[in-house]
Amino acid sequence: MRLYFSGVRGSTPAAGFEFVRYGGNTSCVAIALDSGGIAPASPTLILDAGTGLRSVSRLLGGDPFAGTILMTHLHWDHVQGLPFFRAGDRLDSRVHVRIPDQADGRDAEAILAGMMSPPHFPIRPRQLRGEWTFQTTTPGVVELGPGLESLKVAALEVPHKGGPTFGFRVSDGHSTIAYIPDHCPTSYGPGPDGFGEYHEAVRALADSVDVLIHDAHLVAEELAAEASFGHAAAEYAVELGIHARVGRVVLFHHSPERTDDELDSIAKRFAASEVPVTVADERLVIDL
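Position 288 of the sequence shown, counting from 1, maps to 288 under the numbering used here, and the rest follow consecutively.
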């Protein structure tokens with residue numbers, strides 16, 4: 001697998017000279033599978049559709065997207081890129097969108113139309129060009145579209161404010177990643193170190209993965225004032241990585257107010273960590 005980090009912010013895009021090095025787009029990670037040892041093929045699985053989704057079109061080199069987009073949840077910073085995905089919005093694309101099932105029983109297209117339809121947006125999801133399918137999914141094994149038979153994806157619900165939220169565990173049989181971009185572990189109490197509880201679902205998702213991509217919207221000293229908005233501290237992500245015996249922790253979903261210099265400081269904070277820690281930026285590519 002090759003992981004492309006196309007958007008690493010949370011809540012809202014961040015614009016300005018102080019956000020250039022890490023990037024200002026919101027959550028999106030594209031995954032390409034091994035194409036026979038020469039070079040990875042084009043991305044066929046995309047995790048979340050924040051504004052970083054626009055950049056995935058460049059990775060495809062002018063080709064249409066044929067694959068699946070999995071959304072952890074439906075907050076704006078994870079869905080806003082959908083109608084601006086040029087490689088998906090064309091006559092020869094084939095896009096399968098999977099979103100968490102909602103309590104009201106609406107189908108996936110109707111749910112997405114709550115964001116993407118007049119008067120909030122000029123077109124509805126069904127008006128995107130190409131072959132698009134929209135489907136809800138429940139916790140457990142996630143059904144993927146054609147061409148992704150070699151991947152196994154498990155979804156488990158994690159605490160986050162404002163609707164069902166999944167974390168994903170993705171494996172190709174050789175390497176495994178966990179993707180948990182929005183997570184409020186303090187919902188279960190302070191846990192052993194005050195950063196939040198290392199609860200059953202997150203342990204199952206993270207257990208022994210090669211790469212743990214985790215919410216680091218906050219740092220420890222901000223938890224008391226801001227954890228109620230639904231996010232985790234970078235310290236929690238790193239300690240989870242240690243407890244779960246992961247190969248590498250990638251801090252993700254940075255606050256839109258966190259400048260490049262402040263993210264540099266967070267990287268220095270964990271430079272001597274027991275587990276390798278990377279602060280995600282939009283140029284990051286990880287080969288597994």
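Backbone N, C-alpha and C fix where the C-beta goes; we use that ideal spot for every residue, glycine too. Every value quoted in this text rests on a predicted model; they were computed, and no experiment measured them.
Cβ neighbours of residue i in the same chain (closer than 6 Å, five flanking residues each side left out)
{"i": "R54", "result": "G81 and F84"}
{"i": "R86", "result": "S57"}
{"i": "E197", "result": "P185, Y188, G189 and G191"}
{"i": "A14", "result": "G24 and P256"}
{"i": "S117", "result": "R124"}
{"i": "S93", "result": "P64, F65 and G130"}
{"i": "L218", "result": "E226, H231 and A233"}
For residue i, the first and last residue of its enclosing beta strand (DSSP E)
{"i": "Y179", "result": "T176 to I180"}
{"i": "S273", "result": "Premise fails: S273 is in no beta strand (DSSP E) and is neither H nor E."}
{"i": "S171", "result": "F166 to S171"}
{"i": "R98", "result": "R94 to P100"}
{"i": "L251", "result": "V249 to F252"}
{"i": "R2", "result": "R2 to G7"}
{"i": "E131", "result": "E131 to T137"}
{"i": "A155", "result": "K152 to E157"}
{"i": "V279", "result": "V277 to V279"}
{"i": "G10", "result": "Premise fails: G10 is in no beta strand (DSSP E) and is neither H nor E."}
{"i": "G67", "result": "A66 to L70"}
Burial state of residue i, where buried means 16 or more other Cβ atoms lie within 10 Å
{"i": "V250", "result": "buried"}
{"i": "P119", "result": "exposed"}
{"i": "A41", "result": "exposed"}
{"i": "G61", "result": "exposed"}
{"i": "G114", "result": "exposed"}
{"i": "T133", "result": "exposed"}
{"i": "S11", "result": "buried"}
{"i": "A103", "result": "exposed"}
{"i": "D215", "result": "buried"}
{"i": "H174", "result": "exposed"}
{"i": "F166", "result": "buried"}
{"i": "E239", "result": "buried"}
{"i": "I242", "result": "exposed"}
Check: residue i C-beta below 6 Å from any heavy atom of the ligand SAH
{"i": "M115", "result": "In the structure on display, the ligand SAH does not appear, and there are no ligands present to speak of."}
First and last residue of the uninterrupted alpha helix (DSSP H) at residue i
{"i": "R58", "result": "L53 to L59"}
{"i": "G241", "result": "A234 to H243"}
{"i": "E109", "result": "A108 to A113"}
{"i": "A206", "result": "E200 to A206"}
{"i": "A225", "result": "L223 to E226"}
Rounded Cβ spacing between residue i and residue j (contact assumed at less than 8 Å)
{"i": "I286", "j": "V211", "result": "6 Å"}
{"i": "Y22", "j": "E282", "result": "7 Å"}
{"i": "A244", "j": "R269", "result": "Not quite, the Cβ-Cβ distance comes to about 20 Å (not below 8 Å), so this is no contact."}
{"i": "F19", "j": "D260", "result": "6 Å"}
7 Å CB neighbourhood of residue i in its chain, flanking five on each side removed
{"i": "D172", "result": "M1, L33, S150 and L151"}
{"i": "L91", "result": "R129 and G130"}
{"i": "A30", "result": "Y4, S6, P43, I46, V56 and L59"}
{"i": "K161", "result": "C184, F229 and G230"}
Chain-order list of residues whose beta-carbon lies under 8 Å from that of residue i (same chain, five-residue window excluded)
{"i": "D89", "result": "P83, L128, R129 and G130"}
{"i": "T136", "result": "R98, I99, P100, D101, Q102, D107, A108 and I111"}
Segment contact, 8 Å Cβ cut-off, at least three pairs: the region 140-157 with the region 65-82: yes
The region 269-283 contacting the region 95-102, beta-carbon criterion three pairs below 8 Å: no
Three-pair Cβ contact test at 8 Å for the region 102-112 versus the region 148-158: no
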